[in-house]
Each structure stands twice: as structure tokens, then as C-alpha cells.
Amino acid sequence: MKKALFVFLFSVLSSLFLHAELCPFQTFSMPVATFGEQTGHPFAINRVKDILYSLPTEVVRNIDISSLKPTHYYVRFMPSSREEMELIQLRKELNLYPYPLDCEITEGFVGINNPFLINGFPQFWAIVPIDYIIDGIGCSVAIESELWCPSFLCESENAAKESILTKNMEQLLYDIICNSVETDSTDNGSQRNTSSYYPLGYVRYQDDTFNSICGLQGMEVEAYSFWNSYTGISNVNGYVSFGSNSFNGSFRFRLKFYRDDFSIKVEDSTSDLEYVTDSGTNSLNVLFSGDYSKYSAAFYAAQRYYYQLLDIPRPPVSSFWLARLWIHVHPVDAHTQGWYGYYHTEFGVFLWINRPTIHVYGKDRDGLSIMSSGIYGTTIHELTHAMHYGIDSDLYYSIQPRVKESLARGIELYLTTQRYPGYTVGYNINRYTALMRDLTDGVKTVSCSYYYYDDTGSTPIEPMTYNDNVNGSYTYAELVEAIKTCTTPQQWFSRTYSLYNRVIGPVLYAPFRFWFDL
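Read in order, the letters of the sequence shown are residues 708 to 1225 in our numbering.
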């Protein structure tokens, strides 16, 4: 009896996870999606009318086919500059696709060797309601076709009232169109049926620091077909679902290496990185490895900094005044000066748009590959510069580099060790200091054997030591608050002392004096 009960429970639990185990992990080295010729959207109004005209007379009796009106436009946006692209992406009501929706797509990455570029910038396709105001959108726009959408899929409450077709006729027409497409696609000629397919699954990456497969948390995943589109966010295990939403036929997944406030870019590309699956009904089960584990680690760090931290400020968020932050990941390159990464802000032609930009490198100066924890930590470090810039953008460029880098180094260690407990960083006197570490941990003797004289890098010196007696009196959030309005180490000390008078002045001043050689 117990054995039978165990078998029954095991079968029930197994069925709960059946969708997620339908296909094996898909691992790739450098897969790039390929695109066929555009064939025209299957729901183009002229095609829909042709289908109606082809139906038996008794089926379409009393229907004035010629009066069937389009409900949507299928449009192509053609930005020719970064400014135009950013203005388009600020329109959150648009679901933009960086590739045509009316062509065959083979599974792979989008944003690498993008074939849809104008002056080096990606084009976007979208479906918009017929009453959407296109004029003044901010870039060149082409209406590729007028579309018909059945009223049961339209967001407009008046769609059913305005339709000249009955609900049964709309459903018949919708099924005919979907069958005609799916018969010619990857479903081996199988016809559309009434089964419901619930999109769900996993997105994971190979973390070489942990030497294991990890869930890629915080990734926005879209499941979509011709008219239906559902969005979910992956959890800490990489699992994503879309509630009770389902499809009656084939659909695709889009895995977006970007969110509203930041975007992962491949090297110096202007295109957002995403991954698109083949059309079908399988669950999602994707594993990123190789170079793409570096993109994954950078994404993981960015989404955590932006959307999961509560104790320190976020980097600047996207708005009309500030463009989405770009994170360029160079997986097989080393910086010419050996930097692991750097941050800078550009100013656009439209002077109100500032462009925060980060570069993260996948190899060190010796050509050795940087592990996932290093990519994660470098991303955190550079995002801290962006956060520091966001505190006071006017003051930022007057702040001494040693103050900026001490903040970035401290937050890098603080946040990265939360994910990678064994993570360590190097320090030197007068630039990449351990000030924040010493103000937040226990009493100890500190020693340092490197001094940062100039931008050629740190120089070995005879070890210098001091006694750290602060005994963890401060939090990282307090030190970030104290650094506001400060441009020098002396100001940072004075503001910390005045805001949080927890230790006597000489004890607090000792780490400042040691690390900044005051």
C-alpha cells in the first residue's frame, strides 16, 4: 500500500513539472538567429478579405466583405541615430521587435551582426491600433501593412460592436489563418487544435565560479504569437511562468537581456541583446554557456542592483531626461590599459538626454578569461559609478578620482560577496582603497603594499600598516549618504563624523589618513 501511494505521489509531482522537462537544455557557442524573406503579415487586411472571398457562399452570406476595415497597423520604425532610437524606446506603450514579424526565424541570438541596421542603428517593428498617432514619433516610420484583428483579441471594448463579423465567423477566420501558417512552419504539417499550451520554463546559465548551472534571475521573458503576448520575470531559479495565459497553437519565447533601465550590448553594438526560440509548443529550457555566461553574469548583477537592493540608491533610471544605461560586454577582449571595465556619460544632441554607458571586459591584461564572479563584480563596480553620478550629476566631475573609486570598490565588495562569498578585490593606497571595508568590519591591523601614484597604475611599496579601531560602526548605506556633496576625502570624513558621531574623531580619521595618505 505504501509503495503504491509513493508511486502515485511521484507520478503526480512529475506531471506538475512535465512542461519544463519537455526538451533538453539547449546550449550554444555563438548561435545567431537567421531571418528569411519578409512574406507579409498573415493578418494583412487584403489576405483576410481574400480568405473570406474564397469561402462558400452560404458561409459568408450577408457579409459585405469589402467593408471589412483594418484594426491595426504593422509598422516599421527606422531610427538613424542614438537620439532617435532612445526616443522610440521611451514609448513604453510600444512592444518593439528588432526583427520583422512576417519572416521565418531560426532560433538564436538577436543583436549580434544585426542585419536590420540603418546608419548602424537597429530598426524596430510593432503592431499598433489603427488610431495610434504615428506623426511626431521621432524617426522615420513606414506602415508595412494594415491588419485585421478578431475582436476577441482586441483591447478595445468597442471592437466587437464595430466588427461586421459574428464571433463564430471571427473564430473560423482566425483558425484558418493560423492553420495556414502553422502548416508551413515547424510543426510538420500538423493542424491547429483546441488544446491549450501554457508557456513556462527555465532560463539558466553556466556559472564558472560556482562550477554549476544557475538560474538567471530577473530576466524579462515574452511568450508571443501573432496577437497574443505575455510577459513574465524569471525567479531566482530561472523559472518563469505566465499565470493562466495560454496559446492554442505555436508561439515563441523572447529572452531579453535588458530591462526598462539598462541594456546588455554585445561589444560595441547599438542593438539590444535578446534570444528568440523557434516557433512551437515546447516549454522554455535554455542554458547559456561560454561567452554568453559573461553576458548572463553582467545582466544578473545589473538587475540585482536596479531592482532588488533596498539599502543603497539605485543607478539612474530611464526617463525623458536620462536614456537607458548601456552595458557593453566584451567577452573575448581585454582593455588596452588592463582595466576590467569603465563608466562614462555622454551628452546627446538633445541636450536634456544624458547617456550613461558601461564597458565590461571578459579578459585581463594577460589574456586570461575573467570568471563569472569577476564579470559580476566589475559590473557592480561600474554601476556604482553610475549611481554616484546620479546622486549629483553636476558635482560628479569635480569629485577626486580616489573618492569615486573608493566608493565603487567598497560597494563592489559589499554586493558581490553577497552572491560570491569568497570574492576578493585588490586595494592600493590613494585610489582603490579599502576605506569602506574598514569602516564596516571589526577591529584589526591593516597592511597595504601598493600605492597609486598616477594613471599608470599602482606601484609596489614597503608594506604600510595601521590599527583599525572603528569596529564596524557604520553601514554601507550610511557611507553612501555621507559621501553626498563631497569631492575630497577630507569632506567625506567630516560629513561622516557629523552625521554619525559614533566614534571619536581620531579613531574615525585613522582609516581616512592611511588610505588617502593625508
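Beta carbons are placed, not taken as given, at the ideal position from N, Cα and C, and that holds for glycine.
Only a predicted model underlies this, so the values are computations on that prediction, with no experimental measurement involved.
Have a look at residue i and residue j and give me their C-alpha separation to the nearest angstrom.
i, j, result
"leucine 1146", "isoleucine 940", "37 Å"
"aspartate 894", "asparagine 989", "For aspartate 894, the pLDDT reaches just 42, beneath the cut-off of 50, and the residue's location in the model is therefore unreliable, leaving the point undetermined."
"phenylalanine 933", "leucine 980", "22 Å"
"glutamate 811", "glycine 747", "11 Å"
"glutamate 790", "aspartate 914", "36 Å"
"lysine 963", "tyrosine 1083", "18 Å"
"cysteine 961", "threonine 984", "Reading off the sequence, residue 961 comes out as arginine, not cysteine. Between arginine 961 and threonine 984, the C-alpha separation is close to 7 Å."
"serine 692", "threonine 916", "Residue 692 lies beyond the residue range present for the chain, which begins at 708 and ends at 1225; the question has no answer from this structure."
"histidine 1092", "serine 957", "44 Å"
"alanine 908", "histidine 1095", "According to the sequence displayed, residue 908 carries glycine and not alanine. Rounded to the nearest angstrom, the two C-alpha atoms are 37 Å apart."
"asparagine 918", "glutamate 927", "25 Å"
"leucine 880", "serine 1080", "53 Å"
"arginine 1031", "glycine 1179", "36 Å"
"lysine 1070", "tyrosine 1047", "8 Å"
"serine 996", "glutamine 1107", "39 Å"
"leucine 1215", "lysine 1151", "14 Å"
"tyrosine 781", "leucine 775", "17 Å"
"glutamine 1197", "tyrosine 1207", "15 Å"
"threonine 1182", "tryptophan 1199", "14 Å"
"leucine 824", "alanine 1008", "29 Å"
"glycine 925", "threonine 873", "42 Å"
"glycine 1074", "tyrosine 1068", "11 Å"
"valine 755", "asparagine 886", "13 Å"
Excluding five sequence neighbours on each side, which residues of the same chain lie with their C-beta closer than 6 Å to the C-beta of residue i?
i, result
"tyrosine 937", "Ala930, Phe949 and Asn952"
"aspartate 967", "Ser1025"
"leucine 759", "Val767 and Ile772"
"phenylalanine 1057", "With a pLDDT of only 46 at phenylalanine 1057, under 50, the local geometry of the prediction cannot be trusted, and no value is derived from it."
"serine 1113", "Thr1140 and Leu1142"
"tyrosine 1013", "Asp968 and Arg1021"
"tryptophan 832", "Arg783, Tyr804, Pro807 and Leu808"
"isoleucine 1065", "Ile1034, Tyr1050 and Glu1089"
"alanine 1189", "Arg1202, Thr1203 and Leu1206"
Suppose the cutoff is 8 Å on Cβ atoms and the five residues either side in sequence are ignored; what does the same chain contact list for residue i look like?
i, result
"valine 1153", "Ala1141, Asp1145, Thr1172, Tyr1173, Asn1174, Asp1175, Pro1218 and Phe1221"
"lysine 1191", "Ile1098, Asp1099 and Arg1202"
"phenylalanine 717", "Summary for phenylalanine 717: the model assigns pLDDT 35, below 50, so the residue's position carries little reliability, and this model does not support an answer."
Can you tell me the Cβ-Cβ gap for residue i and residue j, rounded? I've got them flagged as a contact below 8 Å.
i, j, result
"lysine 829", "phenylalanine 742", "Checking the displayed sequence, the identity of residue 829 turns out to be proline instead of lysine. About 13 Å separates the two Cβ atoms, so there is no contact after all."
"valine 993", "glycine 818", "Rounded, the Cβ-Cβ distance is 16 Å, inconsistent with contact."
"tyrosine 912", "serine 986", "Between serine 986 and tyrosine 912 the Cβ distance is about 24 Å, and since that is not below 8 Å, they are no contact."
"phenylalanine 784", "valine 848", "6 Å"
"isoleucine 745", "proline 786", "The sequence as given places glutamine at residue 745; isoleucine does not occur at that position. That belief does not hold up - the Cβ atoms of glutamine 745 and proline 786 are roughly 19 Å apart, past 8 Å."
"tyrosine 905", "glycine 922", "Not confirmed; about 20 Å, so no contact."
"glycine 815", "proline 738", "4 Å"
"valine 1210", "valine 1177", "6 Å"
Indicate the three-state DSSP secondary structure (helix, strand or coil) for residue i in the structure shown.
i, result
"valine 1039", "coil"
"phenylalanine 964", "coil"
"valine 1150", "coil"
"aspartate 1162", "coil"
"cysteine 1155", "strand"
"lysine 972", "strand"
"tryptophan 1033", "strand"
"alanine 1008", "helix"
"valine 1024", "coil"
"lysine 1070", "strand"
"phenylalanine 823", "coil"
"tryptophan 832", "strand"
"arginine 768", "coil"
"histidine 1092", "helix"
"cysteine 885", "helix"
"asparagine 875", "helix"
"glycine 1097", "helix"
"valine 1210", "coil"
"asparagine 802", "coil"
"aspartate 842", "coil"
"alanine 849", "strand"
"asparagine 753", "helix"
"proline 763", "coil"
"serine 903", "coil"
Take residue i and list the residues in its own chain whose beta-carbon comes closer than 7 Å to its own, dropping the five residues that flank it on each side.
i, result
"asparagine 1137", "Arg1109, Tyr1158, Tyr1159, Phe1223 and Asp1224"
"histidine 779", "Ile834, Val835, Pro836, Ile837, Leu854 and Cys856"
"leucine 797", "Phe1027"
"serine 1105", "Thr1194"
"serine 1156", "Pro1167, Ile1168 and Pro1170"
"isoleucine 1233", "Residue 1233 is absent from the model: the chain starts at 708 and stops at 1225."
"proline 777", "Ile752, Ile837, Glu853, Leu854 and Trp855"
"aspartate 975", "His1035"
On the three-pair Cβ rule with 8 Å, is the stretch 1025–1042 touching the stretch 1113–1120? no
Check whether the stretch 1092–1112 touches the stretch 1123–1133, taking contact to mean three or more Cβ pairs, one atom from each stretch, closer than 8 Å. no
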